[in-house]
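Structure first, commentary second.
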Amino acid sequence: MLMIMNVLSISSSEMAQSLYFPLLLIALCSISECVQRQYHFINETKNWTEAQRYCRENYTDLATVDNMNDMIELMKSVKVNDRRVWIGLQRTSDYNWHWSSGDPTLFKNWASGQPVGGDKCAYIIGGQWYVLPCSATYTSFICYNMSRGLVYVKQSMNWVDAQSYCRQNHIDLVSVRNQNENEQMKTFINDRNLSGSGIWIGLFRDTWQWTDQSSSSFRYWNTGEPNNSGGHENCTVLMENTQGYWADVPCDWQYPFVCHEDKLIVVQQNLSWSEALRYCRQHHVDLVSVQSVEMQYEVMNVVKLASTEAVWLGLRFSHILDIWYWVSGETVCYQNWAPGNGTSEKICEPTVSSGAVQSGQGQSWISRPETDRLNFICTKY
Numbered sequence: 154m155l156m157i158m159n160v161l162s163i164s165s166s167e168m169a170q171s172l173y174f175p176l177l178l179i180a181l182c183s184i185s186e187c188v189q190r191q192y193h194f195i196n197e198t199k200n201w202t203e204a205q206r207y208c209r210e211n212y213t214d215l216a217t218v219d220n221m222n223d224m225i226e227l228m229k230s231v232k233v234n235d236r237r238v239w240i241g242l243q244r245t246s247d248y249n250w251h252w253s254s255g256d257p258t259l260f261k262n263w264a265s266g267q268p269v270g271g272d273k274c275a276y277i278i279g280g281q282w283y284v285l286p287c288s289a290t291y292t293s294f295i296c297y298n299m300s301r302g303l304v305y306v307k308q309s310m311n312w313v314d315a316q317s318y319c320r321q322n323h324i325d326l327v328s329v330r331n332q333n334e335n336e337q338m339k340t341f342i343n344d345r346n347l348s349g350s351g352i353w354i355g356l357f358r359d360t361w362q363w364t365d366q367s368s369s370s371f372r373y374w375n376t377g378e379p380n381n382s383g384g385h386e387n388c389t390v391l392m393e394n395t396q397g398y399w400a401d402v403p404c405d406w407q408y409p410f411v412c413h414e415d416k417l418i419v420v421q422q423n424l425s426w427s428e429a430l431r432y433c434r435q436h437h438v439d440l441v442s443v444q445s446v447e448m449q450y451e452v453m454n455v456v457k458l459a460s461t462e463a464v465w466l467g468l469r470f471s472h473i474l475d476i477w478y479w480v481s482g483e484t485v486c487y488q489n490w491a492p493g494n495g496t497s498e499k500i501c502e503p504t505v506s507s508g509a510v511q512s513g514q515g516q517s518w519i520s521r522p523e524t525d526r527l528n529f530i531c532t533k534y
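Numbered per my numbering, the sequence shown spans residues 154 to 534.
Printed below as a string of structure tokens:
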């Protein structure tokens, strides 16, 4: 991980001097991915409700898992491998659609009569959406890659296997979040003469919800799970001796459990960027740096708590060097700019530019004058 000297003070003169700090070291991008939760294994046997109460009183909540990196980190915290362990996923009465990537499902473009029955996974023909059982095999699917955009994969897989392929080789199965993206999908499909083909996309539905109300759609079920044996298996455990795969079991059974503590916190105070930086360093660790798509998902989860239309990040523009950089010391490798933002700022701009994230739909990054007064996100670790 690149370590650049931190900005230790934020007076006007010293802040100006801090713009020179990126010159002190050669900038290299980290290839590691950050896990934005701290997991705590509790070796006490409780039912699911008691475990949830314990975690909420002492940490943030029962463990939420966003991705495979989280799973690896969670498994490191578990001290037993021959017992089941509670996590925070619970069956509800709501049958909701999710994007595999965790994006909000505000837009849908179902074909006439769709969705039907209990089918749970979506595919696209042209620009219209249909559903099939997730176990059905289709001959192709579309992944999303941060640098390449849409990636067409012609391989016969069921939806779950296609999801695993995209997560291992790109980012995830594609999300289609609005009409504009649906039109882009239609163009992408038509350009490849695939308009009559059914192609998996990243939309699925289930009745499971994380206890902290996270939008995470990551699932890691063991083969044949969840099966709701007996009709009352409504809570989730890591299964013993299965590399952490999940199963559904009755919530009144007694197991040890894993809590999580969020590494990010939204501060609902309206401060300038410099004031927000000072607050985070005095009360927590720093303004947040978003170094990967996984970190962006964590920001998206917490930014919903903000009371302002945008929220400060630890992102700063140097007019002298003509670059954006994170105040924690990392260079800006992963990027999530909204259209028209993130390009070189005018050298003669009278105000200093800082980076914020939209708190509403999209949660993309935008450039704002550092004197704007916004909520902000601090890192706690």
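C-beta atoms are modelled at their ideal positions from N, C-alpha and C, and glycine is treated no differently.
Determine the direct distance from the alpha carbon of residue j to that of residue i, and round the result to whole angstroms.
i      : j      : result
Gln488 : His323 : 16 Å
Trp477 : Gln281 : 40 Å
Val402 : Glu386 : 4 Å
Pro175 : Val443 : Here Pro175 scores only 29 on pLDDT, less than 50, and its place in the model is too uncertain to base an answer on.
Ser185 : Asn222 : Low per-residue confidence applies at Ser185: pLDDT is 31, beneath 50, and the placement is therefore not dependable enough to give any value.
Val329 : Ser367 : 20 Å
Leu215 : Ser230 : 13 Å
Asn375 : Tyr398 : 5 Å
Asp314 : Val438 : 39 Å
Leu458 : His193 : 24 Å
Leu242 : Arg301 : 33 Å
Thr389 : Ala400 : 6 Å
Gly351 : Leu285 : 10 Å
Val200 : Cys404 : For the record, residue 200 in the displayed sequence is Asn; it is not Val. Between Asn200 and Cys404, the C-alpha separation is close to 6 Å.
Glu378 : Asn423 : 46 Å
Ala264 : Gly270 : 14 Å
What three-state label does DSSP hand residue i in the structure shown?
i      : result
Val233 : coil
Met310 : strand
Asp344 : helix
Ser506 : strand
Tyr534 : coil
Ser517 : coil
Arg320 : helix
Asn222 : helix
Gln488 : coil
Asn335 : helix
Leu527 : strand
Asn303 : Correcting the residue type first, residue 303 is Leu in the shown sequence and not Asn. Looking at Leu303 - three-state DSSP - the assignment turns out to be strand.
Leu259 : coil
Ala459 : coil
Provide the residue span of the alpha helix (DSSP H) that contains residue i, from first to last.
i      : result
Ser427 : 426-436
Tyr207 : 201-211
Tyr450 : 446-456
If you follow the beta strand (DSSP E) that residue i is part of, which residue opens it and which one closes it?
i      : result
His251 : 238-252
Cys274 : 274-278
Pro268 : Pro268 -> no beta strand (DSSP E), and no H or E assigned at all.
Arg330 : That residue, Arg330, is in no beta strand (DSSP E); it is neither H nor E in DSSP.
Ser471 : 463-471
Arg358 : 352-363
Val284 : 281-285
Tyr294 : With the sequence shown as reference, residue 294 is identified as Phe, and Tyr is not the correct amino acid for it. Residues 294-298.
Nearest to residue i by CA position, among the options, is which residue?
i      : options                        : result
Pro492 : Val480, Val510, Gly482, Val485 : Val510
Asn394 : Ser427, Val464, Met228, Asn249 : Met228
Ile195 : Ile240, Ser317, Val456, Val480 : Ile240
Pro522 : Ser425, Ser512, Asp439         : Ser425
Asp247 : Trp363, Trp479, Asn423, Asp405 : Trp363
His535 : Arg301, Val419, Cys319         : The structure shown does not extend to residue 535, since the chain is modelled only from 154 through 534, so no value can be given for it.
Trp312 : Ile519, Gly384, Phe357         : Phe357
Arg469 : Gln316, Trp479, Asp475, Tyr297 : Trp479
Trp518 : Arg526, Thr532, Gly495, Ser506 : Gly495
Ile295 : Glu447, Glu462, Pro257, Asn335 : Asn335
Val464 : Met448, Glu447, Gln516         : Gln516
Ala275 : Asp359, Asp475, Gly482         : Asp359
Less than 9 Å between CB atoms is the rule here; does residue i satisfy it with respect to chain D?
i      : result
Trp201 : Of the protein chains in the structure, only one exists, and it is not chain D.
Runs of alpha helix (DSSP H) lying entirely within the segment 370-426, each at least 4 residues, in chain order: none
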